[in-house]
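Peer 1: With my numbering, the residue at position 168 of the sequence shown is 168, and numbering never jumps.
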Amino acid sequence: MPNFQKILHPEKFNLILYYAITSFVIIGLLSLAVGWIFPRMESEELVKRSEKYAQYFINHLNYEIYKDFLRPTLKKNKYIDLENNRDQLKRLDKVIHENTYGLNIKKLYLYDMEGHIIYSTIPEHIGFTIDRGQNAKLDSAIRGHFESALRLAGTTDSKGSYVVETLLESYYPFYEMKKNEHRGKQVGVLEIYQDMSELKKQIGKAREKAIIMTGSAMGILFLSLFLIVLKAARVINTRTNQLVEARNTLELKVEERTQEIRGAYKKLQLTQRKLIQSEKLASIGTLATGLAHEINNPLASVASCAEGLIERLKTMQDYKGHHDTREELEIFPEYLNIICNETYRCKSIISNLLNFSRQSEPKFDRININLVIHDTLSIVKHQFQTRFQGVRLNLSEDPCEVIGDPQQLKQVFLNLIINALHATEAEGDIFISTVIKQKTIQIMVKDTGAGIKPEHIDKIFDPFFTTKPTGKGTGLGLAICYGIIDIHNGRIEVSSEGTGKGATFTIILPLVA
Ligand code: ADP
Numbered sequence: 001m002p003n004f005q006k007i008l009h010p011e012k013f014n015l016i017l018y019y020a021i022t023s024f025v026i027i028g029l030l031s032l033a034v035g036w037i038f039p040r041m042e043s044e045e046l047v048k049r050s051e052k053y054a055q056y057f058i059n060h061l062n063y064e065i066y067k068d069f070l071r072p073t074l075k076k077n078k079y080i081d082l083e084n085n086r087d088q089l090k091r092l093d094k095v096i097h098e099n100t101y102g103l104n105i106k107k108l109y110l111y112d113m114e115g116h117i118i119y120s121t122i123p124e125h126i127g128f129t130i131d132r133g134q135n136a137k138l139d140s141a142i143r144g145h146f147e148s149a150l151r152l153a154g155t156t157d158s159k160g161s162y163v164v165e166t167l168l169e170s171y172y173p174f175y176e177m178k179k180n181e182h183r184g185k186q187v188g189v190l191e192i193y194q195d196m197s198e199l200k201k202q203i204g205k206a207r208e209k210a211i212i213m214t215g216s217a218m219g220i221l222f223l224s225l226f227l228i229v230l231k232a233a234r235v236i237n238t239r240t241n242q243l244v245e246a247r248n249t250l251e252l253k254v255e256e257r258t259q260e261i262r263g264a265y266k267k268l269q270l271t272q273r274k275l276i277q278s279e280k281l282a283s284i285g286t287l288a289t290g291l292a293h294e295i296n297n298p299l300a301s302v303a304s305c306a307e308g309l310i311e312r313l314k315t316m317q318d319y320k321g322h323h324d325t326r327e328e329l330e331i332f333p334e335y336l337n338i339i340c341n342e343t344y345r346c347k348s349i350i351s352n353l354l355n356f357s358r359q360s361e362p363k364f365d366r367i368n369i370n371l372v373i374h375d376t377l378s379i380v381k382h383q384f385q386t387r388f389q390g391v392r393l394n395l396s397e398d399p400c401e402v403i404g405d406p407q408q409l410k411q412v413f414l415n416l417i418i419n420a421l422h423a424t425e426a427e428g429d430i431f432i433s434t435v436i437k438q439k440t441i442q443i444m445v446k447d448t449g450a451g452i453k454p455e456h457i458d459k460i461f462d463p464f465f466t467t468k469p470t471g472k473g474t475g476l477g478l479a480i481c482y483g484i485i486d487i488h489n490g491r492i493e494v495s496s497e498g499t500g501k502g503a504t505f506t507i508i509l510p511l512v513a
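Shown next as structure tokens:
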């Protein structure tokens with residue numbers, strides 16, 4: 001089974017080859033068809049001509065027999081009896097031979113109106129009667145119609161004789177002739193057998209002629225079309241080559257463009273990273289203002305505790321031996337505890353800040369999202385201590401493990417939580433939840449605060465889109481969140497019923513398989 005797809009492939013398709021094969025097949029079939037139809041037509045024509053000739057000849061013979069045999073015989077003998085009167089038979093034989101001499105008449109029969117053979121060029125057939133029911137043509141001729149039948153070589157004729165060469169049997173009504181050569185009433189039927197051996201030769205010749213003519217006509221047509229097809233094939237080839245070349249150039253151009261796009265994408269990633277960094281710095285700025293107060297308090301406690309202890313030490317040294325120092329010593333563990341706790345508190349605040357502001361390439365790791373959320377909340381806690389009571393957590397108890405950069409994800413949650421805290425400044429609550437759905441984890445940061453206007457919702461992730469007054473918001477937070485979630489193969493969505501109706505941010509991340 002040939003692979004047509006391969007053969008018909010535009011680059012493999014050989015127009016000339018296909019044209020040549022198809023043309024040869026069509027020319028062959030047409031030549032055969034014409035070679036069959038044309039000789040048939042020719043043979044029909046020849047049979048028609050022979051019939052016409054037979055009609056003409058029989059008509060003539062009718063007249064000659066009447067003039068040279070019937071009339072003189074009747075005048076002389078008053079009767080006709082060919083079966084018994086040898087003289088009459090000889091005379092009729094002579095008239096017929098004179099008239100058929102040199103013609104292609106093989107046999108001749110003369111019947112009376114009862115189908116009785118009254119004369120034949122084959123003497124032994126004289127006297128027989130042909131059953132009219134068996135020979136429809138003779139029957140029809142007795143009723144006044146001209147009839148003929150072609151007897152092909154190898155078959156038998158109406159008398160049951162084997163036909164060596166093709167014959168045309170023709171029956172013609174035989175008439176009485178008036179003096180003025182006009183026909184009188186029908187008195188019998190004349191039947192002649194014409195030699196049609198020529199027919200075979202003629203058909204052969206006609207076939208030869210037809211094949212030669214069709215073949216040469218088709219050949220000329222084939223050649224002229226071949227020249228056109230050749231030209232077309234050349235044009236197609238040139239165009240195909242041009243197309244292939246164009247395709248190759250296109251591939252090169254596509255490759256170049258891809259490289260450019262790749263470069264641009266890298267630049268974009270770099271810019272995005274810088275943006276993340278600058279947003280981190282901005283967040284640090286915001287946090288630092290709040291945290292200054294936070295750090296001030298513990299530091300003040302540490303300082304006053306330390307001072308108190310120093311004072312007590314001094315007193316103890318001054319009254320060494322004269323004074324009971326137990327009271328001073330009792331205060332020591334309490335003060336030192338306060339110092340320790342407050343110092344650790346400061347340390348934790350500062351290390352969180354440091355972690356957050358550290359510039360880094362994303363470092364992907366297997367992490368638990370719930371822990372990242374807890375870490376983020378501990379950073380926010382210090383800044384929004386009083387309002388933080390309104391934050392409700394509902395985290396999934398199943399392991400929520402994803403592949404991600406904990407620092408970057410912390411920044412995402414921090415942005416969302418700070419935004420929610422800003423939105424609920426006047427009033428409202430914040431809900432943070434994690435749910436496992438199919439093979440993803442959904443992190444939801446929902447608030448019942450200020451809400452988002454419908455006309456803003458589509459712009460919310462655009463960089464620099466902010467509704468906050470100058471100096472308060474950069475409009476980069478959500479854009480950065482979007483970028484970070486994107487490189488984590490996740491997505492971030494927002495929904496809000498409008499102003500005053502709160503907002504919900506949903507992050508969907510793929511879980512570790
Ligand atoms: P910024 O906070 O600096 O304005 P963001 O990209 O974080 O930048 O936020 C863009 C804008 O989206 C905010 O100015 C605010 O109008 C809106 N927005 C973000 N979070 C919320 C929220 N939870 N409720 C209402 N509006 C919000």
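Beta carbons: idealized from backbone N, C-alpha and C, even for Gly.
Rounded to a whole number of angstroms, what is the C-alpha to C-alpha distance between Leu150 and Thr166?
Peer 2: On the sequence shown, position 150 is the one that residue 150 refers to. On the sequence shown, position 166 is the one that residue 166 refers to. Their backbone Cα atoms lie some 7 Å apart in a straight line.
Peer 1: Note down, in chain order, each residue of its chain lying with its Cβ closer than 8 Å to the Cβ of Thr129, except the 5 sequence neighbours on either side.
Peer 2: Taking the first residue of the sequence shown as 1, we reach residue 129 at position 129. These residues qualify, in order along the chain: Glu114, Gly115, His116, Ile117.
Peer 1: Within its chain, find whatever has a CB closer than 7 Å to the CB of Val47; leave out the 5 residues flanking it on each side and keep chain order.
Peer 2: In the sequence shown, the residue the question calls residue 47 occupies position 47. These residues qualify, in order along the chain: Leu150, Leu168.
Peer 1: Ala450: beta carbon under 6 Å from a heavy atom of the ligand ADP?
Peer 2: By one-based count along the sequence shown, residue 450 stands at place 450. It does: the Cβ of Ala450 is within 6 Å (strictly closer) of some heavy atom of the ligand ADP.
Peer 1: Candidates Ala33, Lys52, Asp405, Gln411: which alpha carbon is nearest Val380's?
Peer 2: Counted from its first residue, the sequence shown places residue 380 at position 380. Selected option, being the one with the closest Cα: Gln411.
Peer 1: In three-state terms, what does DSSP make of Asp365?
Peer 2: What you label residue 365 is simply residue 365 of the sequence shown in a count that begins at 1. The answer is strand: DSSP assigns Asp365 an E or B state.
Peer 1: Is Phe428 near Gly451, with beta carbons less than 7 Å apart?
Peer 2: For the purposes of this step, residue 428 is taken as residue 428 along the sequence shown, with counting starting at 1. For the purposes of this step, residue 451 is taken as residue 451 along the sequence shown, with counting starting at 1. With the sequence shown as reference, residue 428 is identified as Gly, and Phe is not the correct amino acid for it. No. Outside cutoff.
Peer 1: Please confirm whether Val565 and Ile430 have their CB atoms less than 7 Å apart.
Peer 2: With the chain covering 1 to 513 only, the question about residue 565 has no answer from this structure.
Peer 1: Can the beta-carbon of Arg86 be found closer than 7 Å to that of Phe69?
Peer 2: Along the sequence shown, read from residue 1 onward, the residue named residue 86 stands at position 86. Along the sequence shown, read from residue 1 onward, the residue named residue 69 stands at position 69. Not in contact: Arg86 and Phe69 (Cβ atoms no closer than 7 Å).
Peer 1: How far does the beta strand (DSSP E) with Ile118 in it extend, from its first residue to its last?
Peer 2: One-based indexing of the sequence shown puts residue 118 at position 118. Unbroken beta strand (DSSP E) run through Ile118: 117 to 120.
Peer 1: State the Cα-Cα distance for the pair Ser433 and Gly404, rounded to the nearest angstrom.
Peer 2: Your numbering for residue 433 matches position 433 in the sequence shown. Your numbering for residue 404 matches position 404 in the sequence shown. Going by the C-alpha atoms only, they are around 19 Å apart.
Peer 1: List the endpoints of the continuous beta strand (DSSP E) containing Val95.
Peer 2: The residue you call residue 95 lines up with position 95 of the sequence shown. That residue, Val95, is in no beta strand (DSSP E); its alpha helix (DSSP H) goes 86 to 100.
Peer 1: Is any non-hydrogen atom of the ligand ADP found closer than 6 Å to the C-beta of Leu478, if you look at the structure I gave you?
Peer 2: Position 478 of the sequence shown, counted from the start, is the residue given in the question as residue 478. The answer is yes for Leu478.
Peer 1: What's the gap between the Cα of Thr499 and the Cα of Ile492?
Peer 2: Translated into the one-based positions of the sequence shown, residue 499 becomes position 499. Translated into the one-based positions of the sequence shown, residue 492 becomes position 492. The alpha-carbon atoms of Thr499 and Ile492 are separated by roughly 21 Å.
Peer 1: Do you know offhand how far Asn135's Cα is from Ser170's?
Peer 2: Here residue 135 refers to the residue found at position 135 when the sequence shown is read from its first residue. Here residue 170 refers to the residue found at position 170 when the sequence shown is read from its first residue. Rounded to whole angstroms, Asn135 to Ser170 spans 12 Å at the Cα level.
Peer 1: Are the beta-carbon atoms of Ala210 and Gly28 separated by less than 7 Å?
Peer 2: The sequence position of residue 210 within the sequence shown is 210, counting from 1. The sequence position of residue 28 within the sequence shown is 28, counting from 1. Not closer than 7 Å, so no.
Peer 1: Report whether the distance from the Cβ of Gly475 to the nearest heavy atom of the ligand ADP is below 6 Å.
Peer 2: Here residue 475 corresponds to residue number 475 of the sequence shown, with the count starting at 1. Because some heavy atom of the ligand ADP lies under 6 Å away, the Cβ of Gly475 counts as near it: yes.
Peer 1: For Ala426, verify whether its CB is less than 6 Å away from any heavy atom of the ligand ADP.
Peer 2: The residue you call residue 426 lines up with position 426 of the sequence shown. Not under cutoff, so the answer is no.
Peer 1: I need the straight-line Cα distance from Leu230 to Leu15, nearest angstrom please.
Peer 2: Counting from one through the sequence shown, the residue named residue 230 turns up at place 230. Counting from one through the sequence shown, the residue named residue 15 turns up at place 15. Rounded to whole angstroms, Leu230 to Leu15 spans 8 Å at the Cα level.
Peer 1: Taking C-alpha atoms, which residue in Tyr193, Leu82, Ile65, Ile484 lies nearest to Lys178?
Peer 2: What you label residue 178 is simply residue 178 of the sequence shown in a count that begins at 1. When each option's Cα is compared against that of Lys178, the closest is Ile65.
Peer 1: Mind checking which residues open and close the beta strand (DSSP E) that includes Asp195?
Peer 2: Translated into positions along the sequence shown, residue 195 becomes position 195. Start and end: 183 to 195.
Peer 1: According to DSSP, is Gly404 helix, strand or coil?
Peer 2: For the purposes of this step, residue 404 is taken as the residue at position 404 of the sequence shown. Three-state DSSP puts Gly404 in a strand.
Peer 1: Looking at Ile460 and the ligand ADP, is the gap between the Cβ and the nearest heavy atom below 6 Å?
Peer 2: Stepping through the sequence shown from its first residue, residue 460 is reached at position 460. Yes, the Cβ of Ile460 comes within 6 Å of a heavy atom of the ligand ADP.
Peer 1: Is the beta carbon of Asn415 less than 7 Å from the beta carbon of Cys340?
Peer 2: Position 415 of the sequence shown, counted from the start, is the residue given in the question as residue 415. Position 340 of the sequence shown, counted from the start, is the residue given in the question as residue 340. No, the Cβ-Cβ distance between Asn415 and Cys340 is not below 7 Å.
Peer 1: I need the boundaries of the beta strand (DSSP E) containing Phe174, first residue and last residue.
Peer 2: The sequence position of residue 174 within the sequence shown is 174, counting from 1. 167 to 177 is the extent of the beta strand (DSSP E) around Phe174.
Peer 1: Confirm the yes/no value for this check: CB of Thr467, any heavy atom of the ligand ADP, distance under 6 Å.
Peer 2: Position 467 of the sequence shown holds residue 467. The answer is yes for Thr467.
Peer 1: Check each candidate in Ile441, Phe222, Lys347 and name the one with the smallest Cα separation from Asn489.
Peer 2: In the sequence shown, the residue the question calls residue 489 occupies position 489. It is Ile441.
Peer 1: How about Asp486: is its Cβ closer than 6 Å to a heavy atom in the ligand ADP?
Peer 2: Within the sequence shown, numbered from 1, the residue matching residue 486 stands at position 486. The answer is no for Asp486.
Peer 1: In whole angstroms, what is the alpha-carbon distance linking Leu564 and Leu270?
Peer 2: For the chain, the structure presents residues 1 to 513; residue 564 sits outside this window and is missing.
Peer 1: Per the contact definition of three or more C-beta pairs closer than 8 Å, is the segment 74 to 86 in contact with the segment 154 to 161?
Peer 2: No, the segment 154 to 161 does not touch the segment 74 to 86.
Peer 1: Below 6 Å, is the gap between the Cβ of Asp447 and the nearest heavy atom of the ligand ADP?
Peer 2: By one-based count along the sequence shown, residue 447 stands at place 447. Flag set: Cβ of Asp447 near the ligand ADP.
Peer 1: In chain order, what are the residue ranges of uninterrupted beta strand (DSSP E) at least 3 long that sit wholly in the segment 433 to 468?
Peer 2: If we require 3 residues or more, the beta strand (DSSP E) runs fully inside the segment 433 to 468 come out as 440 to 447.
Peer 1: Three or more C-beta pairs under 8 Å: does that hold for the segment 305 to 318 against the segment 326 to 334?
Peer 2: A contact exists between the segment 305 to 318 and the segment 326 to 334.
Peer 1: If you follow the alpha helix (DSSP H) that Ser43 is in, where does it begin and where does it stop?
Peer 2: Taking the first residue of the sequence shown as 1, we reach residue 43 at position 43. Looking at the DSSP string, the run of the alpha helix (DSSP H) that includes Ser43 is 15 to 65.
Peer 1: Identify, in the order they occur along the chain, each residue of the same chain with its Cβ nearer than 7 Å to the Cβ of Ala153, setting aside the five sequence neighbours on each side.
Peer 2: Your numbering for residue 153 matches position 153 in the sequence shown. Cβ within range, chain order: Val163, Val164, Glu165, Thr166.
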